[in-house]
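2 protein chains.
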Amino acid sequence: MRPENKPTGQESGSFIERARRAQIIASAIEVIADQGFANASLARIAKHAGISKGVISYHFAGKDELMEQVVDQVYADIARYVLERMEGHKSATALLRTQITAVAQHMREHRSQVKALGEIFYNLRLPDGTPRYGVAASEELFQSLELIYRHGQESGEFRLFDVRVMAVSHTAAVDNMFAYWVTHPGHDLDAHARELADIFVHATRAEGALP
Amino acid sequence: MRPENKPTGQESGSFIERARRAQIIASAIEVIADQGFANASLARIAKHAGISKGVISYHFAGKDELMEQVVDQVYADIARYVLERMEGHKSATALLRTQITAVAQHMREHRSQVKALGEIFYNLRLPDGTPRYGVAASEELFQSLELIYRHGQESGEFRLFDVRVMAVSHTAAVDNMFAYWVTHPGHDLDAHARELADIFVHATRAEGALP
DNA sequence: CTAGTTTCTGGCCATGCGGCCAGAAAACAA
DNA sequence: TTGTTTTCTGGCCGCATGGCCAGAAACTAG
Chain C
1 MRPENKPTGQ ESGSFIERAR RAQIIASAIE VIADQGFANA SLARIAKHAG ISKGVISYHF
61 AGKDELMEQV VDQVYADIAR YVLERMEGHK SATALLRTQI TAVAQHMREH RSQVKALGEI
121 FYNLRLPDGT PRYGVAASEE LFQSLELIYR HGQESGEFRL FDVRVMAVSH TAAVDNMFAY
181 WVTHPGHDLD AHARELADIF VHATRAEGAL P
Chain U
1 MRPENKPTGQ ESGSFIERAR RAQIIASAIE VIADQGFANA SLARIAKHAG ISKGVISYHF
61 AGKDELMEQV VDQVYADIAR YVLERMEGHK SATALLRTQI TAVAQHMREH RSQVKALGEI
121 FYNLRLPDGT PRYGVAASEE LFQSLELIYR HGQESGEFRL FDVRVMAVSH TAAVDNMFAY
181 WVTHPGHDLD AHARELADIF VHATRAEGAL P
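Line by line, the protein sequences give chains C and U. For what it's worth, full-length UniProt numbering labels the leading residue of the first sequence as 1, then goes sequentially. For what it's worth, full-length UniProt numbering labels the leading residue of the second sequence as 1, then goes sequentially.
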């Protein structure tokens with residue numbers, strides 16, 4: 001029999017259960033990151049992990065659940081990493097810079113994870129063909145960024161602008177920074193991040209502010 | 001026998017040949033735009049066009065050639081549309097604004113085409129699994145944008161910044177403007193474009209410049 | 001050791017895919 | 001009209017996929 005995969009918040013299942021799930025998730029990340037979502041079959045993921053295909057079916061309800069677990073784990077890692085580094089900063093400008101550079105640092109240290117996240121985010125679909133994630137799933141991130149932007153507007157650091165458009169553009173620029181770096185591995189990701197932070201600082205600052 | 005699909009620059013083949021290819025390309029665009037690349041099989045594209053699957057094989061060397069034809073056609077349409085509207089403008093600031101708003105106008109009028117382009121761009125892979133297009137294929141666009149940015153820096157309109165990072169971020173923001181609009185159809189695309197143009201004008205302008 | 005449970009293997013299944021082809025049909029040429 | 005070429009149909013092929021299962025193996029409890 002299969003263990004009922006109840007998505008309880010706390011870790012559950014036997015030691016083997018948890019270890020296997022972690023191993024399979026890690027294998028999925030690696031395969032997706034360097035073969036692409038479309039080529040990441042259960043057979044490939046199993047072979048890469050050195051286990052039989054049936055094990056995946058045994059520990060996960062299906063391919064979709066495995067993909068969602070990957071997203072949940074990687075996304076939570078990024079959020080924790082970035083939020084930790086943002087704590088303590090008060091000015092909107094500092095928060096903005098820190099958000100961008102912290103994301104870049106995390107990307108540099110977790111290339112495969114972030115790449116796999118993007119692949120799944122963009123490709124996974126519901127049975128009816130509509131995207132499982134996609135832009136709509138970034139709503140939470142948009143709102144977090146909007147908090148920073150509104151904070152800056154209220155404090156007078158930032159000029160008035162549409163915070164939604166700024167948040168969408170910010171997210172896009174950060175995501176594409178990653179994609180560009182993946183395609184051009186020699187590219188200096190941290191320098192790109194600093195330059196990108198400059199762009200948004202200039203784009204947002206109040207008219208009269210000193211450079 | 002099949003007509004040898006020599007990719008000559010000029011239109012070739014019989015009247016039927018040209019009409020069928022156009023019809024199949026149009027059908028592919030519609031299917032990809034609302035089912036996604038992964039669900040756009042030759043069978044679906046043929047059914048949507050009301051023809052037999054074999055016709056596609058008859059008029060195209062394979063699925064990959066069909067996808068590349070879609071990309072070539074849609075990409076050329078966008079480039080022509082935007083470049084026409086940029087002609088005549090001289091200041092870098094005006095060129096920048098025009099580029100962004102013109103792209104948005106084209107997107108609004110050619111939603112399916114642009115969506116299909118993005119799907120293929122992101123998903124089509126070579127036999128070895130590496131992306132057929134992807135970020136690397138945007139190199140030409142990056143260089144065009146860099147011309148504008150360097151022009152502004154040389155004329156003194158723009159501050160000094162890394163033109164490559166600016167071009168990558170610009171492309172990303174425009175692409176995501178489209179993705180956001182597709183997910184939120186009620187969103188005002190033209191207003192978003194004006195706001196986005198403001199963002200890049202502020203991000204690029206020289207320190208001493210008047211608002 | 002034995003009985004029961006968890007975990008794993010290897011293979012089978014139905015489905016959908018892209019490519020291909022034999023021959024029908026349509027368009028065209030004489 | 002007749003013969004020839006172009007175009008189209010419908011179906012078949014080999015292949016890969018995700019899901020599934022019967023039984024083997026490993027582990028655990030008594």
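Even for Gly, the Cβ is constructed at its ideal location relative to N, Cα and C.
Amino acids of chain U, ordered along the chain, whose beta-carbon sits closer than 9 Å to that of residue i
i, result
"D190 of chain C", "Neighbours of D190 of chain C on chain U: none; closest Cβ ~12 Å, over 9 Å."
Proximal residues of chain C, C-beta to C-beta of residue i below 7 Å
i, result
"E195 of chain U", "F161, D162, V165"
"E172 of chain U", "Here residue 172 of chain U turns out to be Ala, not Glu, going by the sequence shown. Near A172 of chain U (Cβ distances below 7 Å), the residues of chain C are A172, A173, D175, N176."
Local Cβ density within 10 Å of residue i, reported as buried at 16 or more and exposed below that
i, result
"Q113 of chain U", "buried"
"S169 of chain C", "buried"
"I148 of chain C", "buried"
"L126 of chain C", "exposed"
"T130 of chain C", "exposed"
"R80 of chain U", "exposed"
"S27 of chain C", "buried"
"D190 of chain C", "exposed"
"R150 of chain U", "exposed"
Backbone CA spacing between residue i and residue j [nearest angstrom]
i, j, result
"E119 of chain C", "L160 of chain U", "35 Å"
"R132 of chain C", "A38 of chain C", "15 Å"
"T92 of chain U", "G13 of chain U", "One detail in the question is off: residue 92 of chain U reads as Ala in this sequence, not Thr. Looking at the two C-alpha atoms, the distance is approximately 43 Å."
"I24 of chain C", "S138 of chain U", "35 Å"
"Q153 of chain C", "A136 of chain C", "25 Å"
"residue 247 of chain U", "G88 of chain C", "Within the shown structure, residues of chain U are numbered from 1 to 211, placing residue 247 of chain U beyond reach of any answer."
"H110 of chain C", "S57 of chain U", "42 Å"
"M86 of chain U", "L141 of chain U", "14 Å"
"D64 of chain U", "A116 of chain U", "14 Å"
"G156 of chain C", "A206 of chain C", "7 Å"
"H59 of chain U", "V31 of chain C", "35 Å"
"P185 of chain C", "G62 of chain U", "32 Å"
"A94 of chain C", "V182 of chain C", "27 Å"
"H106 of chain C", "V74 of chain C", "11 Å"
"A173 of chain C", "E17 of chain U", "42 Å"
"V55 of chain U", "A46 of chain U", "8 Å"
"A40 of chain C", "D162 of chain C", "39 Å"
"residue 229 of chain U", "R194 of chain C", "In the structure as shown, chain U begins at 1 and stops at 211. Residue 229 of chain U is therefore absent and cannot be evaluated."
"M177 of chain C", "R97 of chain U", "22 Å"
Endpoints, alpha helix (DSSP H) assigned at residue i
i, result
"E207 of chain U", "Unbroken run through E207 of chain U: none, as it is neither H nor E."
"H106 of chain U", "92-109"
"A172 of chain U", "163-183"
"L124 of chain C", "No alpha helix (DSSP H) holds L124 of chain C; DSSP gives it neither H nor E."
"E84 of chain C", "63-86"
"H89 of chain C", "Per DSSP, H89 of chain C belongs to no alpha helix (DSSP H) and is neither H nor E."
"R48 of chain C", "Here residue 48 of chain C is His; the residue named in the question, Arg, does not match the sequence. Start and end: 42-49."
"D188 of chain U", "Note, D188 of chain U: premise wrong, no alpha helix (DSSP H); not H, not E."
"G152 of chain C", "139-155"
"V31 of chain C", "15-35"
"S57 of chain C", "53-59"
Within chain C, the residues that residue i reaches when beta carbons sit closer than 8 Å
i, result
"I199 of chain U", "F161, V165, M166, S169, A203"
Where residue i meets chain U, residues with beta-carbon distance less than 8 Å
i, result
"Y180 of chain C", "V135, V168"
- Task: Taking only beta carbons into account, state which residues of the UniProt domain "HTH tetR-type" (18-78) of chain U come closer than 9 Å to chain C, listed in chain order.
- Result: Hits within the stretch, in order: D34, Q35, G36, F37, A38, N39.
- Message: By the 9 Å beta-carbon criterion, what residues does the segment 105-136 of chain C contribute toward chain U?
- Response: Those residues of the segment 105-136 of chain C that come within reach of chain U (Cβ to Cβ, closer than 9 Å) are Y122, N123, R125, G129, T130, P131, G134, V135, A136.
- Please list the residues of the segment 84-101 of chain C that have a C-beta atom closer than 8 Å to any C-beta atom in chain U, keeping them in chain order. Taking a C-beta cut-off of 8 Å against chain U, none of the residues of the segment 84-101 of chain C qualify.
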